[in-house]
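Down below is the structure, laid out as structure tokens.
In my numbering, the protein residues as written are 5 to 276.
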């Protein structure tokens with residue numbers, strides 16, 4: 005007699021798989037220090053750890069989405085078979101503003117709302133997704149929640165044809181807060197990440213999230229941002245809100261973001 009597997013069992017197995025996938029990517033290997041495990045390390049190593057923590061979190065989501073995109077339910081291209089899998093993903097505790105399924109025409113569903121009545125067709129990441137490419141690192145204001153998010157998405161393919169995509173609008177506010185708490189940095193230290201366009205993807209100061217730093221400060225800051233966008237790693241100095249800052253930066257090959265760690269000191273007053 006052929007075996008029969010109920011949908012709840014399938015979703016339970018998928019949830020277990022998603023949890024294992026998240027742990028495999030997000031957790032360091034045995035014997036490897038976590039980003040917050042060495043509070044006395046120098047600035048360069050601290051910057052490395054900061055970048056690694058952000059990459060681990062987002063790569064874990066990408067791996068879970070890849071599992072879902074290749075599941076039999078995804079091959080139907082329909083919402084109802086997919087809803088349970090996306091609910092299971094939400095149960096893993098990821099920092100999601102929205103978890104969604106998009107169709108080739110741009111219409112999309114979220115776990116919270118079902119069919120939204122809106123379209124993702126004009127989003128900058130949509131053409132790449134519908135051309136079969138993974139998406140990770142694009143910044144948006146979520147249409148379903150109005151919250152600041154970074155997009156992680158995977159195409160759903162059936163017989164080499166893209167029939168949709170699954171994605172997560174991941175909370176950059178929550179990710180910044182998590183990094184801040186995990187790193188335990190002193191009050192005078194600043195960290196942030198810029199996307200390739202120079203927009204703040206992450207920031208220790210929530211009021212500066214999604215801002216363009218080059219538009220906020222003096223010429224020294226604009227010059228510093230230009231340098232950061234043109235190099236893979238280095239150090240810049242600039243003045244921001246009356247404070248002199250020295251910032252180490254490095255580019256993430258995974259995200260395309262520029263991660264920065266800076267230290268502040270009062271600007272020296274001219275001698276009269």
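Just so it is clear, CB atoms sit at the ideal spot from N, CA and C, and this is done for glycine as well. Fair warning: this is a prediction, and the values are worked out from it, not measured in the lab.
Checklist line | CB contact flag (residue 180, residue 100, <8 Å) | finding: Here the question's residue 180 lines up with position 176 in the chain shown. Here the question's residue 100 lines up with position 96 in the chain shown. Going by C-beta atoms, residue 180 is not nearer than 8 Å to residue 100.
Check: residue 211 to residue 131, Cα distance in whole Å?
Finding: Within the chain shown, numbered from 1, the residue matching residue 211 stands at position 207. Within the chain shown, numbered from 1, the residue matching residue 131 stands at position 127. Near 31 Å, if we compare the C-alpha coordinates of residue 131 and residue 211.
Note to self: Pop quiz: residue 155 and residue 129 are said to be a contact at Cβ under 8 Å. What is the actual Cβ separation, rounded to whole angstroms?
What the structure shows: Stepping through the chain shown from its first residue, residue 155 is reached at position 151. Stepping through the chain shown from its first residue, residue 129 is reached at position 125. Confirmed, Cβ separation roughly 5 Å.
Next item on the list: Count the other CB atoms, across all protein chains shown, that sit within 10 Å of the CB of residue 169; report buried if there are 16 or more and exposed otherwise.
Entry: In the chain shown, counting from the first residue as 1, residue 169 sits at position 165. Answer is buried; the Cβ neighbour count reaches 16.
Notebook entry, point to check: Which residues share a DSSP beta bridge with residue 266?
Noted result: Residue numbering aside, residue 266 sits at position 262 when the chain shown is read from its first letter. Answer by DSSP bridge pairing, in chain order: 194 and 251.
Next item on the list: Name the residue from 137, 151 and 167 whose alpha carbon lies nearest to the alpha carbon of residue 157.
Entry: Within the chain shown, the letter at position 153 stands for residue 157. Closest option to residue 157, Cα to Cα, is 137.
Checklist line | Residues that DSSP places opposite residue 159 in a beta bridge | finding: Within the chain shown, numbered from 1, the residue matching residue 159 stands at position 155. In the DSSP output, where bridge partners are listed per residue, residue 159 has 169.
Checklist line | 8 Å Cβ cutoff met for residue 175 and residue 148 | finding: Against the chain shown, residue 175 aligns to sequence position 171. Against the chain shown, residue 148 aligns to sequence position 144. It is not a contact, given that the beta carbons lie outside the stated cut-off.
Check: Helix, strand or coil: which one does DSSP assign to residue 53?
Finding: Within the chain shown, residue 53 is the residue found at index 49, counting from 1. Residue 53 falls in the helix class under three-state DSSP.
Notebook entry, point to check: Helix, strand or coil: how does DSSP classify residue 65 here?
Noted result: What you label residue 65 is simply residue 61 of the chain shown in a count that begins at 1. Note: residue 65 maps to helix in three-state DSSP.
Item checked: Continuous beta strand (DSSP E) assignments of at least 3 residues falling wholly in the segment 120-160 -> Those beta strand (DSSP E) runs which fall completely within the segment 120-160 and span 3+ residues are 139-145.
Notebook entry, point to check: Taking DSSP as the reference, what is the three-state secondary structure of residue 109?
Noted result: The residue you call residue 109 lines up with position 105 of the chain shown. In this structure, residue 109 counts as coil in the three-state DSSP scheme.
Note to self: Assuming the contact rule is C-beta atoms closer than 8 Å, residue 166 and residue 140 should be a hit. Round their C-beta distance to whole Å, please.
What the structure shows: The residue given as residue 166 occupies position 162 in the chain shown. The residue given as residue 140 occupies position 136 in the chain shown. 17 Å between Cβ atoms; not a contact.
Item checked: Span of the alpha helix (DSSP H) around residue 90 -> What you label residue 90 is simply residue 86 of the chain shown in a count that begins at 1. Judged by DSSP secondary structure, residue 90 falls within the alpha helix (DSSP H) whose first and last residues are 83-94.
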